[in-house]
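Trainee: So in our numbering, spot 593 of the sequence shown is number 618, and the numbers just go up one at a time.
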Amino acid sequence: MYGHKPKPPEDPGRIPNRQLISGAIIAGLCGYLTWALLYYNYLGGYWYWPLYLLTPDSWYMRGGKVFGPGWWSQYIYEMIVACAIAVIFGRVGHWGEVWRRYVAPVLHRARNDSASPPADPQADPAQWPELRAAGAHSAAERLAEEARVGRMNDVDLVRIQGAWQAVRAGRNSLAAFTDTVLRHGAAAHGHPSGARDLPARTAVHDLVARQVRIGTAVDDPRNPYQHRGVGLALDPEVLGTSLLAVGPPGAGKTGRLVRPVVEALCLQALAGQVAVVAVGAAGSGLGADEAFDVVVKIGRPDSAYDLDLYGGTTDPDEAAGVLAEALIGDMAASLPGGDSRRAATALAQLLGPYRAAHGRFPSVPELRELLDGSKAAVGALREALDAAGQSAQARELDARVRQAGTPGDVGSLLADRIALLDRPAFAEFFHTSGDRRPFSLRALEHPLRVRIDLPERGHAEASRMLARLVLAQFTECAVGRADRSLFACLVLDDASHTITAEALRGIQRLRAANAGAVLTLRTLDDVPDALRSALLGAVGCRMAYAGVTTWDGARFAEVWGTEWVEARDVTDRQIIAEEPFTKVLHFIRKVVTGKAVTTQSVTVRRVERERWSASELAHSVPAGHAVLSVTSVRGESGPPVLVDLRA
Numbered sequence: 026m027y028g029h030k031p032k033p034p035e036d037p038g039r040i041p042n043r044q045l046i047s048g049a050i051i052a053g054l055c056g057y058l059t060w061a062l063l064y065y066n067y068l069g070g071y072w073y074w075p076l077y078l079l080t081p082d083s084w085y086m087r088g089g090k091v092f093g094p095g096w097w098s099q100y101i102y103e104m105i106v107a108c109a110i111a112v113i114f115g116r117v118g119h120w121g122e123v124w125r126r127y128v129a130p131v132l133h134r135a136r137n138d139s140a141s142p143p144a145d146p147q148a149d150p151a152q153w154p155e156l157r158a159a160g161a162h163s164a165a166e167r168l169a170e171e172a173r174v175g176r177m178n179d180v181d182l183v184r185i186q187g188a189w190q191a192v193r194a195g196r197n198s199l200a201a202f203t204d205t206v207l208r209h210g211a212a213a214h215g216h217p218s219g220a221r222d223l224p225a226r227t228a229v230h231d232l233v234a235r236q237v238r239i240g241t242a243v244d245d246p247r248n249p250y251q252h253r254g255v256g257l258a259l260d261p262e263v264l265g266t267s268l269l270a271v272g273p274p275g276a277g278k279t280g281r282l283v284r285p286v287v288e289a290l291c292l293q294a295l296a297g298q299v300a301v302v303a304v305g306a307a308g309s310g311l312g313a314d315e316a317f318d319v320v321v322k323i324g325r326p327d328s329a330y331d332l333d334l335y336g337g338t339t340d341p342d343e344a345a346g347v348l349a350e351a352l353i354g355d356m357a358a359s360l361p362g363g364d365s366r367r368a369a370t371a372l373a374q375l376l377g378p379y380r381a382a383h384g385r386f387p388s389v390p391e392l393r394e395l396l397d398g399s400k401a402a403v404g405a406l407r408e409a410l411d412a413a414g415q416s417a418q419a420r421e422l423d424a425r426v427r428q429a430g431t432p433g434d435v436g437s438l439l440a441d442r443i444a445l446l447d448r449p450a451f452a453e454f455f456h457t458s459g460d461r462r463p464f465s466l467r468a469l470e471h472p473l474r475v476r477i478d479l480p481e482r483g484h485a486e487a488s489r490m491l492a493r494l495v496l497a498q499f500t501e502c503a504v505g506r507a508d509r510s511l512f513a514c515l516v517l518d519d520a521s522h523t524i525t526a527e528a529l530r531g532i533q534r535l536r537a538a539n540a541g542a543v544l545t546l547r548t549l550d551d552v553p554d555a556l557r558s559a560l561l562g563a564v565g566c567r568m569a570y571a572g573v574t575t576w577d578g579a580r581f582a583e584v585w586g587t588e589w590v591e592a593r594d595v596t597d598r599q600i601i602a603e604e605p606f607t608k609v610l611h612f613i614r615k616v617v618t619g620k621a622v623t624t625q626s627v628t629v630r631r632v633e634r635e636r637w638s639a640s641e642l643a644h645s646v647p648a649g650h651a652v653l654s655v656t657s658v659r660g661e662s663g664p665p666v667l668v669d670l671r672a
């Protein structure tokens with residue numbers, strides 16, 4: 026984020042600040058005490074004997090002049106002794122390190138501040154120099170005035186910068202850009218909703234860098250040196266590889282990850298950069314209704330929007346494939362053939378004829394009747410096809426009728442699963458022609474903010490089916506977009522029982538489509554055993570919260586792998602002094618450093634170890650913390666880092 030400065034190279038022998046300061050002070054006091062004992066003759070004048078030995082006695086005879094040879098020789102001798110004491114105790118107290126660490130940077134900053142030239146108004150970003158360089162002086166003046174009086178926020182800044190980039194890329198004209206800015210000021214090129222900010226912000230954002238801060242890397246030896254004490258943030262560059270967070274209930278997945286990420290994506294949507302779809306249980310706190318353009322509250326009568334069961338497509342085969350994934354994707358492995366293709370074929374044999382006859386897809390009750398093999402429903406559909414002259418579609422319907430009730434037919438299973446949506450609570454939803462406006466994920470080409478509330482209470486299985494439906498529709502629509510300039514992101518709060526083999530294939534395709542997904546799980550046990558390792562491999566960002574089980578930790582430890590480290594075995598042996606002078610020096614050193622004089626024997630070995638073991642993940646991650654690793658869409662990856670999500 027803004028203001029981040031890389032740390033200097035790691036120094037394994039770096040002395041801690043407190044020890045350095047205290048040692049320097051104690052060394053200074055000891056040096057001053059030694060000088061005072063000599064200078065004030067507390068030890069007698071015997072320390073002058075080297076001077077008297079090297080100079081004539083006549084220089085010191087009574088009656089000698091002040092500033093004479095004897096006075097000068099004695100003065101120079103005292104300075105030499107004082108410098109020797111300073112050098113000795115300075116080396117013991119590491120005064121040079123104190124100078125380099127504390128004094129020199131202050132002097133360097135003061136020198137730079139005094140030598141820096143006055144700021145050039147034309148180079149001030151608030152003066153929009155790029156607009157002035159292109160000749161749009163009037164637009165630059167208007168925007169600078171808006172910023173000066175406080176009518177421009179960070180969303181306006183990023184949105185207008187995006188509009189200017191469109192001008193530079195040739196997608197818009199300079200005249201149109203200037204005219205819009207002069208008429209609307211900071212509100213120019215606004216979001217279709219007219220909103221320029223969210224009702225309230227709860228996280229720390231840097232919209233210029235498109236980042237949201239989620240915590241701080243702990244100053245812990247298990248973290249790489251360059252990451253210790255550094256703030257950690259997420260942006261579309263890493264969310265484009267998708268993120269999986271695993272942690273028990275109450276670990277903070279929603280409050281400390283999902284909510285900040287959704288808030289950041291909503292702000293970026295207002296700036297015209299992102300389309301976001303947030304899915305969670307009703308009341309999960311993903312954001313206020315006012316923070317979204319579309320709020321689908323499934324099962325609630327106050328919902329202004331409905332969810333398109335077929336994803337806005339007109340292709341019966343595509344609609345059948347997505348719907349089959351939602352209905353029986355979690356049990357596809359137990360079906361004949363091991364996947365949901367037979368279910369998709371059975372649905373297509375009904376959806377195609379129905380659309381050909383009525384110009385729309387069937388509603389939930391109508392589809393349930395057809396899957397149940399109701400003679401009245403099937404007869405009415407055949408008559409409509411005959412009246413419309415759709416003989417090919419009539420043959421599709423006849424094939425479905427022949428397969429109904431045969432061994433291995435999935436029609437009855439599909440009817441049982443669709444019955445979970447044919448409930449009184451959902452009677453007003455999933456209509457192909459109704460009063461509510463149906464929302465389709467085909468709208469991902471626009472900077473939309475969408476929240477879908479699932480009916481968790483009393484309809485857990487239906488909620489899981491709908492979550493699978495949204496995930497399948499999102500991967501299909503995000504990849505199928507003609508315009509991929511907007512980053513599209515699906516945030517699925519609690520992806521339990523939604524991960525299937527087909528969903529994994531869809532998630533893997535998102536990275537190339539400028540899209541990503543954020544998924545949270547209480548435990549990897551909510552994913553089929555055969556897909557757990559594949560899921561961790563499909564996402565580029567992995568997050569293990571405090572409280573994960575040992576067997577979940579083992580999966581993370583496996584995917585994070587091992588690293589080569591240097592193991593240092595140090596053996597200390599105390600030095601016993603025999604000479605009186607050596608004993609005095611050892612005593613002074615012990616007073617200064619607080620340690621006895623020792624000699625060390627160091628053995629360095631290179632060993633391979635896990636970055637984070639299963640036991641460490643399960644038992645050594647403090648509450649409110651998580652271990653996070655990220656990968657960018659360019660392939661740059663970072664090591665797993667212990668993050669304090671409360672900082």
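Ideal Cβ placement from N, Cα and C applies to all residues, glycine included.
In chain order, which alpha helix (DSSP H) runs of at least 4 residues are fully inside the stretch 135-203?
Mentor: Counting only runs of 4 or more, we get 154-158, 162-173, 179-193.
Trainee: Residue ranges of each alpha helix (DSSP H) run of no fewer than 4 residues wholly in the stretch 443-504, ordered along the chain?
Mentor: The qualifying runs are 485-504.
Trainee: Just to confirm, are Asp518 and Leu269 a CB contact at a threshold of 8 Å?
Mentor: No; because the gap between Cβ atoms is not below 8 Å, this pair is not in contact.
Trainee: Can you tell me whether Glu394 is buried or exposed? The criterion is at least 16 other CB atoms within 10 Å of its CB, across all chains shown.
Mentor: Result: buried.
Trainee: To which residues does DSSP link Gly354 through a beta bridge?
Mentor: Note: Gly354 sits in no beta bridge, so no partner.
Trainee: Answer yes or no: do Gly308 and His484 have a C-beta to C-beta separation smaller than 8 Å?
Mentor: In this structure, His484 does not lie closer than 8 Å to Gly308 by Cβ.
Trainee: Do you know offhand how far Arg157's Cα is from Glu470's?
Mentor: Whole-angstrom Cα-Cα distance: 32 Å.
Trainee: Whose CA, out of Gln293, Arg659, Leu653, lies closest to the CA of Thr241?
Mentor: Ranking Gln293, Arg659, Leu653 by Cα distance to Thr241 puts Leu653 first.
Trainee: If you scan the stretch 616-655 from start to end, which runs of the beta strand (DSSP E) of 3 or more residues do you find wholly inside it?
Mentor: Taking only runs of at least 3 residues, the beta strand (DSSP E) segments lying wholly in the stretch 616-655 are 623-635, 650-654.
Trainee: Closest to Arg366 by CA distance: which of Gly354, Leu376, Arg427, Gly377 is it?
Mentor: Comparing Cα-Cα distances from Arg366 to each of Gly354, Leu376, Arg427, Gly377, the minimum goes to Gly354.
Trainee: Candidates Gly414, Ala419, Leu560: which alpha carbon is nearest Gly404's?
Mentor: Selected option, being the one with the closest Cα: Ala419.
Trainee: Just how far apart, CA to CA, sit His214 and Ile40?
Mentor: If you take the alpha carbons of His214 and Ile40, they lie about 55 Å apart.
Trainee: Which runs of the alpha helix (DSSP H) fall wholly inside the stretch 74-122 and span at least 4 residues, in chain order?
Mentor: Listed in chain order, they are 74-79, 94-118.
Trainee: Where does Val321 sit, in a helix, a strand or coil, going by DSSP?
Mentor: Val321 falls in the strand class under three-state DSSP.
Trainee: Distance check for Ala52 and Glu122, CA to CA, integer angstroms please.
Mentor: Glu122 and Ala52: Cα-Cα distance of roughly 13 Å.
Trainee: How about Val304 and Ala497: are their beta carbons less than 8 Å apart?
Mentor: In this structure, Ala497 does not lie closer than 8 Å to Val304 by Cβ.
Trainee: At the level of alpha carbons, what is the spacing between Ala569 and Ala369?
Mentor: Each residue's Cα considered, the two are about 35 Å apart.
Trainee: Going by beta-carbon coordinates alone, are Ala172 and Thr203 separated by less than 8 Å?
Mentor: Contact: no.
Trainee: Hey, is the stretch 569-584 in contact with the stretch 648-666, meaning 3+ C-beta pairs nearer than 8 Å?
Mentor: Yes, the stretch 569-584 is in contact with the stretch 648-666.
Trainee: Assign Asn42 to one of two classes, buried (16 or more other C-beta atoms within 10 Å of its C-beta) or exposed (fewer than that).
Mentor: Exposed: under 16 other Cβ atoms inside 10 Å.
Trainee: Taking DSSP as the reference, what is the three-state secondary structure of Glu604?
Mentor: Reduced to three states, the DSSP call for Glu604 is coil.
Trainee: In chain order, what residues of the same chain lie with their CB nearer than 6 Å to the CB of Ala676, ignoring the 5 residues before and after it?
Mentor: Outside the modelled stretch of the chain, which goes from 26 to 672, sits residue 676, for which no answer is possible.
Trainee: Please state the DSSP three-state secondary structure of Ile50.
Mentor: Here Ile50 sits in helix by DSSP.
Trainee: I'd like the list of long-range same chain contacts for Arg509, defined as Cβ closer than 7 Å, with 5 residues on each side in sequence excluded.
Mentor: Excluding sequence neighbours, Arg509 sits near Ala538, Asn539.
Trainee: On the DSSP letters alone, give me the boundaries of the beta strand (DSSP E) that Ala258 sits inside.
Mentor: Here the beta strand (DSSP E) through Ala258 covers 256-259.
Trainee: Using alpha carbons as the reference points, say which of Glu633, Ala349, Ala276 lies closest to Ala571.
Mentor: Of the candidates Glu633, Ala349, Ala276, the one whose C-alpha sits nearest the C-alpha of Ala571 is Ala276.
Trainee: So what does DSSP say about Ile40, is it helix, strand or coil?
Mentor: Three-state result, Ile40: coil.
Trainee: For Gln293, report the span of its alpha helix (DSSP H) as first-last.
Mentor: Counting along the chain, the alpha helix (DSSP H) containing Gln293 begins and ends at 284-295.
Trainee: Which residues bound the beta strand (DSSP E) around Thr241?
Mentor: Its beta strand (DSSP E) spans residues 236-242.
Trainee: Let me confirm a value: Cys502 is counted as buried when at least 16 other C-beta atoms fall within 10 Å, else exposed. Which label applies?
Mentor: So Cys502 ends up on the buried side.
Trainee: What does the Cβ neighbour count give for Phe606, buried or exposed, with the cut at 16 atoms within 10 Å?
Mentor: Exposed.
Trainee: Would you grab the beta carbon distance between Val504 and Cys566 for me? Rounded to a whole angstrom, and I think it's under 8 Å.
Mentor: About 20 Å separates the two Cβ atoms, so there is no contact after all.
Trainee: CA-CA distance, Tyr57 and Pro31?
Mentor: Between Tyr57 and Pro31, the C-alpha separation is close to 39 Å.
Trainee: Just the C-alpha distance for Leu264 and Arg448, rounded to the nearest angstrom, thanks.
Mentor: Each residue's Cα considered, the two are about 36 Å apart.
Trainee: Can the beta-carbon of Leu45 be found less than 8 Å from the beta-carbon of His119?
Mentor: Yes, the Cβ-Cβ distance between Leu45 and His119 is below 8 Å.
Trainee: Closest to Gly297 by C-alpha separation, out of Arg238, Ala212, Gln599, Leu62, would be which residue?
Mentor: Closest by alpha carbon: Ala212.
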